[in-house]
Amino acid sequence: MAPHVAQGSAIVAVRESLEDHLLHGIAISDLATLGAKVGPRLLASSVMAVLALGACGSDPGPRTKQAALPSQLPSFRPPVLPPGADAATPPGDALSLRLPAQRAAVTPRFANVIICARCHSAAPGAMRDAAGRDVSPVGEWQVSMMGLAARDPYFLAALRREVSGHDAGAAAEIQGLCWRCHAPTAHAEAQALGRALSLELVTRGEDPLAELARGGVDCVGCHAQVPDTLGTPASYSAAAPLRTDRVVYGALLAPQGEAMVAMAKTEPRHGAHIQQSALCGGCHTVIVPVYDARGATGRVLAEQTTYLEWRNSAFANEPGTAPGARPPAGPPRSRPTLPGASPPAAVVPTSCQGCHMPLVDDDGAPVVSVYATRPPSGLQARPLARHAIVGGNAYLLERMAEDPGWLGAPVTAESLRSAAARSRGLLTRAASVRLSPVAGALQITVQNQSGHKLPTGYPSRRMWLHVEVEDARGASLLSSGGHRDGALVDGSGRRLDGAGEIWPHRDRLGGKAGADPVVWEAVPVDAQGRRTHRLTNAERFAKDNRLLPLGWRPAHPDAALAAPRGVEGDGDFGAGGDTVTLELPAGAARVTVELLYQSIPPDALQAYDRAEGAEARRLLDLTAVPPRPEVLARALWTAQLPGAGGAKP
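In this note's numbering, the protein residues as written are 4 to 652.
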């Protein structure tokens, strides 16, 4: 090994050791040990380098003045590749490419989660549920899709595809838009420094900005949001600014902030907006520019409208959030204690946090705890909103559990599988299926029990009916929505959902209507009307028949941006669900119905090519196990034969 390489490795090792010591307290004996390993000169220079980065835990004393921080970070230098190697496609097998391991990072304006973890991680008697499980903000956040937002292999592959084929200017614009949601604090830091986030920096960089970016939607990304524009179009696509003066907001009316000021150089303040859906609305209302081969066209696409869907629902509890208006002051009107319980019989106005950050543990018991481990005494135990931030990505969480080391995050296979299980628990409360016999037919009514469209968010997601009709002997009379290896197949096993296939909205099955599947989804298409998975090239949605939430009103100010497409003529498609009429074949004795869901269908994965780069190869390797559908609800109907009943949920 060359001397300068060995010295560089030693500096990295010393720096990592010092950062760890400075975060947890350092003793003279520790310094002596390090000095014996690397020599006094290298030790001294390394200490100065680490201190210059503002390792804020080095001074445990009560200090209110912010620590001295650098005015500029070192520039990112991409790794040197062999001649002929593509900088966007590092050499080597995708499975061997690991994201850098998480380390402490302090930048002029922000600090990453390791700084927060000192006080907001589980400890004996703190931030654990009745069964002793970790319910701390850091512990649960780090295995959520928010915590993994910048490490998500699906996102990384999609971003590589979105920027490919564009010139440097357009590629930078697209990356800036995407990183604004997936790494908000790092995006804000980069802007302030006159720099830009890129895939190369985030996946391979080792400076504090890169480390901050890999933290995804981190603590400060939510808790430092300035409330002034939240709930208005000025906040959409994560355009709301973050505070850069080391002030964060929380739910406590009078936070005891001395420890946080001393240890993290950050001041906590009360902020009512932390408990309001408008806080989530910026990243969950995504309006993207449309690009073609020449660059931005000047047109836009409402790619994701989850917040607007919620605002136009019976669950909305921010009545003042019409476009251009700010949400009212104060906490949301209700915080139901899901999960583990059945959905309420009547709709309870509920914030996003009320469902996705529940106040109960996995057994349904209330979580009551102190919010931090410092100061060690004097803190009051309170209901704790879990930072699990549960969503519908069970499949991806489960796949990441097969190789957690690749992520470079302090997560385990067990913790990722637990997060996947929580996701499945949420999905089973998202909808219900009811069967109602009518003359010669069966009405299948699917009710949306969520506070937004179902499915919602990124438009690769889909939901469909799997219907099996049998005679009294169990012979199949009709099969619709069957699946194999995650793909839709007909009764003979032939695949139906090949590349580019768009299924029209359907409200009937059986008889002349046939057995083609009933699929609820959003389908973006390009300028030629072809289905596309490159959303910055999508011109419009050719189809959007995702189930509307209860309380949806076509006249609502937000309805136009999130209006359904392709459901004309279906009189029972509307607020709260949809009904499909199944014409029963002669001799039908038993009907089973499943409502199925996929976050990533096979077609979305098969649209990637390994030649696109390391990100695509990694995604395809990770998803070699097909995405089996999740069962949201089931129902059974049997004909009125001796000893038989009727419809059963």
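Ideal placement from N, C-alpha and C gives every residue a C-beta, glycine not left out.
Keep in mind it's a predicted model, so treat the numbers as computed, not measured.
What's the call for Glu504, buried or exposed, on a 16-neighbour Cβ count within 10 Å? Translated into the one-based positions of the sequence shown, residue 504 becomes position 501. By the neighbour-count rule (16 or more Cβ atoms within 10 Å), Glu504 is not buried but exposed.
Asn540 in three-state terms, based on DSSP: Numbered from 1 along the sequence shown, position 537 holds the residue referred to as residue 540. Three-state DSSP puts Asn540 in a helix.
Compute the Euclidean distance between the alpha carbons of Gln383 and Asp248, then round it to the nearest angstrom. Numbered from its first residue, the sequence shown carries residue 383 at position 380. Numbered from its first residue, the sequence shown carries residue 248 at position 245. Near 27 Å, if we compare the C-alpha coordinates of Asp248 and Gln383.
Alpha helix (DSSP H) runs contained entirely in the segment 131 to 178, provided each spans 4 or more residues: 140 to 144 and 156 to 166
Have a look at Arg487 and Glu214 and give me their C-alpha separation to the nearest angstrom. Reading the sequence shown from its first residue, position 484 is the one you call residue 487. Reading the sequence shown from its first residue, position 211 is the one you call residue 214. One C-alpha to the other measures close to 40 Å.
On the three-state DSSP scale, how would you describe Leu499? Indexing the sequence shown from 1 puts residue 499 at position 496. Of the three classes helix, strand and coil, the one that applies to Leu499 here is coil, per DSSP.
For Glu371, count neighbouring Cβ atoms within 10 angstroms of its own Cβ and tell me buried if that reaches 16, exposed if not. Working through the sequence shown from its first residue, we reach residue 371 at position 368. Per the sequence presented here, residue 371 reads as Val, with Glu not at that position. Val371 should be labelled exposed.
Who are the near neighbours of Asn396 in its chain, counting only those whose CB is closer than 7 Å to its CB and skipping five residues on each side? On the sequence shown, residue 396 is found 393 positions in, with the first residue counted as 1. For Asn396, where only same-chain residues beyond five positions count, the Cβ hits under 7 Å are Met148, Ser426 and Ser602.
Runs of alpha helix (DSSP H) lying entirely within the segment 409 to 445, each at least 4 residues, in chain order: 416 to 430
First and last residue of the alpha helix (DSSP H) that includes Glu618? As a first step, residue 618 is located in the sequence shown; it is residue number 615 there, counting from the start. Start and end: Ala617 to Leu625.
Decide if Glu417 is buried, meaning its Cβ has at least 16 other Cβ atoms within 10 Å, or exposed. Translated into positions along the sequence shown, residue 417 becomes position 414. Classification for Glu417: exposed.
Excluding five sequence neighbours on each side, which residues of the same chain lie with their C-beta closer than 6 Å to the C-beta of Gly224? Taking the first residue of the sequence shown as 1, we reach residue 224 at position 221. So the qualifying residues of the chain are Pro187 and Thr188.
Range of the contiguous alpha helix (DSSP H) that encloses Pro605: Locating residue 605 in the sequence shown gives position 602, counting from the first residue. Looking at the DSSP string, the run of the alpha helix (DSSP H) that includes Pro605 is Pro605 to Gln609.
How is the alpha helix (DSSP H) around Gln194 delimited, first residue to last? Locating residue 194 in the sequence shown gives position 191, counting from the first residue. Note, Gln194: alpha helix (DSSP H), Pro187 to Leu196.
DSSP three-state assignment for Met360, whether helix, strand or coil: Taking the sequence shown and counting its residues from 1, the one referred to as residue 360 is at position 357. Met360 falls in the coil class under three-state DSSP.
Can you tell me whether Gly60 is buried or exposed? The criterion is at least 16 other CB atoms within 10 Å of its CB, across all chains shown. The residue labelled residue 60 in the question sits at position 57 within the sequence shown. Summary for Gly60: the model assigns pLDDT 32, below 50, so the residue's position carries little reliability; its value from the coordinates is reported in the next sentence. Buried: at least 16 other Cβ atoms inside 10 Å.
Tell me, please, which residues DSSP counts as bridged to Trp313. The residue you call residue 313 lines up with position 310 of the sequence shown. BP columns for Trp313 are empty, so no partner.
Buried or exposed by the 16-neighbour rule on C-beta atoms within 10 Å, applied to Pro82: The count along the sequence shown starts at 1 and reaches residue 82 at position 79. Low per-residue confidence applies at Pro82: pLDDT is 33, beneath 50, and the placement is therefore not dependable enough to give any value.
On the DSSP letters alone, give me the boundaries of the alpha helix (DSSP H) that Ile117 sits inside. Against the sequence shown, residue 117 aligns to sequence position 114. That run of the alpha helix (DSSP H) goes Val116 to His123.
Whose CA, out of Ala114, Pro156 and Gly135, lies closest to the CA of Asp365? Here residue 365 refers to the residue found at position 362 when the sequence shown is read from its first residue. Of Ala114, Pro156 and Gly135, the residue nearest in Cα terms is Gly135.
With three or more beta-carbon pairs closer than 8 Å as the criterion, would you say the segment 447 to 461 touches the segment 303 to 322? yes
Are there 16 or more other CB atoms within 10 angstroms of the CB of Gln531, so buried, or fewer, so exposed? To locate residue 531, count along the sequence shown from 1; it is residue 528. Exposed: under 16 other Cβ atoms inside 10 Å.
What residue from Arg511, Arg568 and Ala558 has the CA that sits closest to Thr582's CA? In the sequence shown, counting from the first residue as 1, residue 582 sits at position 579. Looking at the Cα atoms, Arg511 is the closest of the given residues.
Expressed to the nearest angstrom, what Euclidean distance is found between the alpha-carbon atoms of Glu405 and Leu625? Position 402 of the sequence shown, counted from the start, is the residue given in the question as residue 405. Position 622 of the sequence shown, counted from the start, is the residue given in the question as residue 625. Cα to Cα, Glu405 sits roughly 8 Å from Leu625.
Assuming contact is defined by CB atoms lying nearer than 8 Å, are Ser482 and Gly501 in contact in what I supplied? Within the sequence shown, the letter at position 479 stands for residue 482. Within the sequence shown, the letter at position 498 stands for residue 501. No, the pair does not count as a contact, with Cβ atoms beyond the cut-off.
Looking at the unbroken alpha helix (DSSP H) that takes in His226, where does it start and where does it end? If you number the sequence shown from 1, residue 226 lands on position 223. Here the alpha helix (DSSP H) through His226 covers Cys222 to His226.
Are Asp598 and Gly579 touching if we call contact CB-CB under 8 Å? Numbered from 1 along the sequence shown, position 595 holds the residue referred to as residue 598. Numbered from 1 along the sequence shown, position 576 holds the residue referred to as residue 579. The sequence as given places Leu at residue 598; Asp does not occur at that position. Taking 8 Å as the Cβ cut-off, Leu598 and Gly579 do not qualify as a contacting pair.
Counting beta carbon pairs with one atom in the segment 559 to 570 and one in the segment 302 to 313, are three or more of them shorter than 8 Å? yes
For Asp231, count neighbouring C-beta atoms within 10 Å of its own C-beta (all shown protein chains included) and say buried if the count is 16 or more, exposed if not. Numbered from its first residue, the sequence shown carries residue 231 at position 228. It counts as exposed.
How long is the line joining the alpha carbons of Val634 and Gly484, rounded to whole angstroms? Numbered from its first residue, the sequence shown carries residue 634 at position 631. Numbered from its first residue, the sequence shown carries residue 484 at position 481. For Val634 and Gly484, the distance between alpha carbons rounds to 13 Å.
Evaluate the contact criterion for the segment 526 to 546 versus the segment 555 to 562: three or more CB pairs, one atom per stretch, below 8 Å. no
Determine the contact status of His390 and Trp144, defining contact as a CB-CB distance below 8 Å. For this step, residue 390 is matched to residue 387 along the sequence shown. For this step, residue 144 is matched to residue 141 along the sequence shown. In contact: His390 and Trp144 (Cβ atoms closer than 8 Å).
Buried or exposed: which applies to Ser139, given that a residue is buried once 16 or more other Cβ atoms fall within 10 Å of its Cβ? Here the question's residue 139 lines up with position 136 in the sequence shown. Buried, since its Cβ has 16 or more Cβ neighbours within 10 Å.
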